[in-house]
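Chains as they are written, first to last, in the working numbering: chain A, 1 to 335; chain B, 1001 to 1119.
We put the beta carbon where it would ideally sit given N, CA and C, even for glycine.
Given the structure is predicted, the values throughout are model-derived calculations rather than measurements.
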Amino acid sequence: MEMVNRYVYAVTQRLPQSQREDIAIELRGLIEDMLEERVGDGGNNTDKMVEEVLMELGSPRTMAHKYRGSKSYLIGPELYESFILVLKIVLISVGITLVGAFAIKTVINPVEILDHFIEFIVSTVTAIPQALGWVTLGFALGEYYGGFKAGDLKLDKNWMPSMLPPIPHPKKTIKRSEPIIAIVFYVILMGMFGFSSNYFGIFRFSDGEFVGVIPFLNEAKFPEYMPFLLLLLALFIVKECLKLISGKWTMKLVVCTTVVNLVALMVVYFMITSQSFWNPHFMEGLMNAGIVEQGTEGYEIMETIWKNVTGATVIIFIVALLWDIVDGMIKVRKK
Amino acid sequence: MNEQEHIDKLMLELRRGTITIGVLSQLSSPQYGYSLVTLLDEKGIHVEPGTLYPLLRRLEKQGLLDSSWDTNEARPRKYYVLSETGKSVYEQLCVEWQSIVSSLNDLILNKGDDVNGDG
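Here's what the structure looks like:
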């Protein structure tokens, strides 16, 4: 009987808690019934017989699988395509970020290439499973709570040929490559700001050797800004995802783009016009590095540029984000 | 894949649907799992218990079967019987089955007569 207990345990272990007891009783009954039939044919209830019966029932894994029914997958066919697409984008972005970081560090400091390479390997081993895990978790939750799936199936049931959307005008379509490139770019930016914002500045070289960076940003205050910056980039990524899903310019998409861009504009404006965003010692840094000398023409030019950098950045942002909206608007109106 | 494997695979798909009808047909009176295996076996329908037991639970969950535990015997047994929904579903399935059988028989038995179709 020990073998039977083990079998029942092995099956029920693989089933949801709520069904275990019921199925255990049922299985035990079944095995006893099958044994009884064999004894009836002439013979004793031997270990060999028990083994035969269990062989007939098949492995506990298969048995449990049959009890669980068809839904033994994490991400079903409805979500699979978008899962693979998002996964590819994320992994490519992570890959580029890692290789990029390695390349930049090596250029800056070629002597320690071995250390950089080890760091690269270590971060690859940790970052890729993380990216994979988060994407999978997101989709698995989507699958589990099944919001998308129920909706999609319903749509398919009531499907009629008249519901086929018109083929979008070639000018209205959004090439898949555009949002994908944008997402990759934002992920790289996130990586840059998140892990190496101190490299964001002017690189100083002396005799061809890297000696330091004169940072553009205020390193002491930057951690306060970073969450906003990362959220902003995340918002941009959501925007690009919407473009990717939509595949064509629609009024809805333009409205979403507008909202995201306006929010972004406000955040960027408040952030970079505040006193503490930029490095207050930038000019001093330039002087100390011997790049410019006080009182010379070069110094004045640099100072003018540095003082106007905020205004210029705001204007560049406004133009770029407005163009994003106007471009969409024009494309929607095209017939 | 050789010929026999193709046949096995196709037969598996073919049986899957017919087993449900077979099971429903025998449940106008209550049966427990193993008695149903024997009953179907006697009538030439072979079902593995490992297939039948989960199937019974699934049909119960879908509301086609009602179940009750009988604890009076030496070992507790779960008896299944057609529910009201189950009865009407079974009747409609029978009609569908008959129509499939006659259509397919038509196709198989008259395959030479109608080569050019009706167009």
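Subject >> Where A:Y9 falls, given that 16 or more other Cβ within 10 Å makes a residue buried >> reply: As a first step, residue 9 of chain A is located in the first sequence; it is residue number 9 there, counting from the start. Per the 10 Å Cβ criterion, exposed.
**OP:** Work out the CA separation of A:I181 and B:T1085 for me, nearest whole Å.
**Re:** Counting from 1 along the second sequence, the entry for residue 1085 of chain B is found at position 85. Counting from 1 along the first sequence, the entry for residue 181 of chain A is found at position 181. Computed Cα separation, rounded: 55 Å.
Original post:
Is the shortest distance between the beta-carbon of A:G29 and the beta-carbons of chain B less than 8 Å?
Top reply: For the purposes of this step, residue 29 of chain A is identified with residue 29 of the first sequence, where counting begins at 1. So yes, A:G29 belongs to the interface.
Original post:
Using the rule of at least 16 other Cβ atoms within 10 Å of the residue's Cβ for burial, across every protein chain shown, is B:R1057 buried or exposed?
Top reply: Mapped onto the second sequence, residue 1057 of chain B falls at position 57. B:R1057 is buried by the Cβ-count criterion.
Original post:
Can you tell me whether DSSP reads B:W1122 as helix, strand or coil?
Top reply: No information on residue 1122 of chain B is available, as it lies outside the stretch 1001 to 1119 that chain B covers here.
Original post:
Going by C-alpha distance, which of B:T1018, B:N1110 and B:H1006 is nearest B:H1046?
Top reply: The sequence position of residue 1046 of chain B within the second sequence is 46, counting from 1. Of the listed residues, the one whose Cα sits closest to B:H1046 is B:T1018.
**OP:** Have a look at A:V309 and A:M271 and give me their C-alpha separation to the nearest angstrom.
**Re:** Walking along the first sequence from the start, residue 309 of chain A turns up at place 309. Walking along the first sequence from the start, residue 271 of chain A turns up at place 271. The straight-line gap from Cα to Cα measures roughly 13 Å.
Subject >> chain B contact residues for A:D33, given Cβ-Cβ distances below 7 Å >> reply: Taking the first sequence and counting its residues from 1, one reaches residue 33 of chain A at position 33. Ordered by position in chain B, the residues that pass the 7 Å Cβ test against A:D33 are Y1034.
Subject >> C-beta contact flag for B:E1060 and B:Y1034 at 8 Å >> reply: Working through the second sequence from its first residue, we reach residue 1060 of chain B at position 60. Working through the second sequence from its first residue, we reach residue 1034 of chain B at position 34. Cβ distance not < 8 Å, so B:E1060 and B:Y1034 don't count as in contact.
Subject >> For A:V173, the residue or residues it bridges with in DSSP >> reply: Here residue 173 of chain A refers to the residue found at position 173 of the first sequence. Correcting the residue identity first, residue 173 of chain A is Thr in this sequence and not Val. For A:T173, which the question treats as bridged, DSSP gives the partners A:K248.
Original post:
Using a beta-carbon distance below 8 Å, is B:T1020 in contact with chain A?
Top reply: As a first step, residue 1020 of chain B is located in the second sequence; it is residue number 20 there, counting from the start. No - not a single Cβ of chain A is within 8 Å of the one on B:T1020.
Original post:
Which residues in the same chain as A:K248 place their Cβ atom closer than 7 Å to its Cβ, once the five residues preceding and following it in sequence are excluded?
Top reply: Counted from its first residue, the first sequence places residue 248 of chain A at position 248. Hits under 7 Å: P168, K172, T173 and I174.
Original post:
In terms of alpha-carbon separation, which member of A:I23, A:I25, A:E52 and A:I202 lies closest to A:L35?
Top reply: Position 35 of the first sequence holds residue 35 of chain A. Considering only alpha carbons, the answer is A:E52.
Original post:
Listed from N- to C-terminal order along the chain, which residues in the segment 1069-1093 of chain B have their beta-carbon within a distance smaller than 9 Å of any beta-carbon of chain A?
Top reply: W1069, A1074, R1075, P1076, R1077 and K1078
Original post:
What does A:D57 touch in chain B if you count any residue whose Cβ is under 7 Å from its own?
Top reply: Stepping through the first sequence from its first residue, residue 57 of chain A is reached at position 57. Correcting the residue type first, residue 57 of chain A is Leu in the shown sequence and not Asp. Chain B residues near A:L57: P1049 and G1050.
Subject >> Contacting positions in the segment 175-209 of chain A - beta carbon closer than 9 Å to chain B >> reply: none
Subject >> Local Cβ density within 10 Å of A:M163, reported as buried at 16 or more and exposed below that >> reply: In the first sequence, counting from the first residue as 1, residue 163 of chain A sits at position 163. With fewer than 16 other Cβ atoms within 10 Å, it is exposed.
**OP:** Please compile the residues from chain B whose C-beta is within a distance smaller than 8 Å of the C-beta of A:Y67.
**Re:** On the first sequence, position 67 is the one that residue 67 of chain A refers to. Neighbours of A:Y67 on chain B, chain order: Y1053, P1054 and R1057.
Original post:
Can B:S1083 and B:D1066 be called in contact, C-beta distance under 8 Å?
Top reply: Here residue 1083 of chain B corresponds to residue number 83 of the second sequence, with the count starting at 1. Here residue 1066 of chain B corresponds to residue number 66 of the second sequence, with the count starting at 1. It is a contact, given that the beta carbons lie within the stated cut-off.
Original post:
Are the segment 184-201 of chain A and the segment 216-236 of chain A touching by the rule of at least three beta carbon pairs closer than 8 Å?
Top reply: yes
Original post:
What number of angstroms, rounded off, separates the C-alpha of A:L87 from the C-alpha of A:V135?
Top reply: As a position in the first sequence, residue 87 of chain A is number 87, starting the count at 1. As a position in the first sequence, residue 135 of chain A is number 135, starting the count at 1. Those two C-alpha atoms are separated by around 7 Å.
Original post:
Checking contacts by CB at 8 Å: is A:M1 closer than that to chain B?
Top reply: Position 1 of the first sequence, counted from the first residue, corresponds to residue 1 of chain A. No - not a single Cβ of chain B is within 8 Å of the one on A:M1.
Original post:
Would a check of beta-carbon distances place A:I26 closer than 8 Å to chain B?
Top reply: Counting from 1 along the first sequence, the entry for residue 26 of chain A is found at position 26. For the record, residue 26 of chain A in the displayed sequence is Glu; it is not Ile. Cβ-Cβ to chain B under 8 Å: yes for A:E26.
Original post:
Quick one: complete alpha helix (DSSP H) runs, 4+ long, within the segment 1011-1069 of chain B?
Top reply: 1033-1042 and 1049-1061
**OP:** Throw me the rounded Cβ distance for the A:I245 and A:Y186 pair, which I believe falls under 8 Å.
**Re:** Residue 245 of chain A sits at position 245 when you count from the first residue of the first sequence. Residue 186 of chain A sits at position 186 when you count from the first residue of the first sequence. About 16 Å; that fails the 8 Å criterion.
Original post:
How many Å lie between A:Q19 and A:Q13 at the Cα?
Top reply: Residue numbering aside, residue 19 of chain A sits at position 19 when the first sequence is read from its first letter. Residue numbering aside, residue 13 of chain A sits at position 13 when the first sequence is read from its first letter. Whole-angstrom Cα-Cα distance: 10 Å.
Original post:
For A:P77, which of A:G285, A:V326, A:M329 and A:E143 has the nearest alpha-carbon?
Top reply: One-based indexing of the first sequence puts residue 77 of chain A at position 77. Nearest C-alpha to A:P77: A:E143.
Subject >> Straight-line gap, B:I1007 to B:V1023 (C-alpha atoms, nearest Å) >> reply: Within the second sequence, numbered from 1, the residue matching residue 1007 of chain B stands at position 7. Within the second sequence, numbered from 1, the residue matching residue 1023 of chain B stands at position 23. In a straight line, the C-alpha of B:I1007 is about 24 Å away from that of B:V1023.
Subject >> Length-filtered (4 minimum) alpha helix (DSSP H) runs lying within the segment 117-149 of chain A >> reply: none
Original post:
Counting Cβ pairs, one atom from each stretch, are 3 or more of them under 8 Å apart for the segment 274-283 of chain A and the segment 313-329 of chain A?
Top reply: no
Original post:
A:M3: which of A:P16, A:L15, A:G29 and A:D47 sits nearest, CA to CA?
Top reply: Position 3 of the first sequence holds residue 3 of chain A. Answer by Cα proximity: A:D47.
Original post:
To the nearest whole angstrom, what separates the beta carbons of A:E112 and A:I183, a pair I think is in contact under 8 Å?
Top reply: The residue you call residue 112 of chain A lines up with position 112 of the first sequence. The residue you call residue 183 of chain A lines up with position 183 of the first sequence. A:E112 to A:I183, Cβ: 32 Å. No contact.
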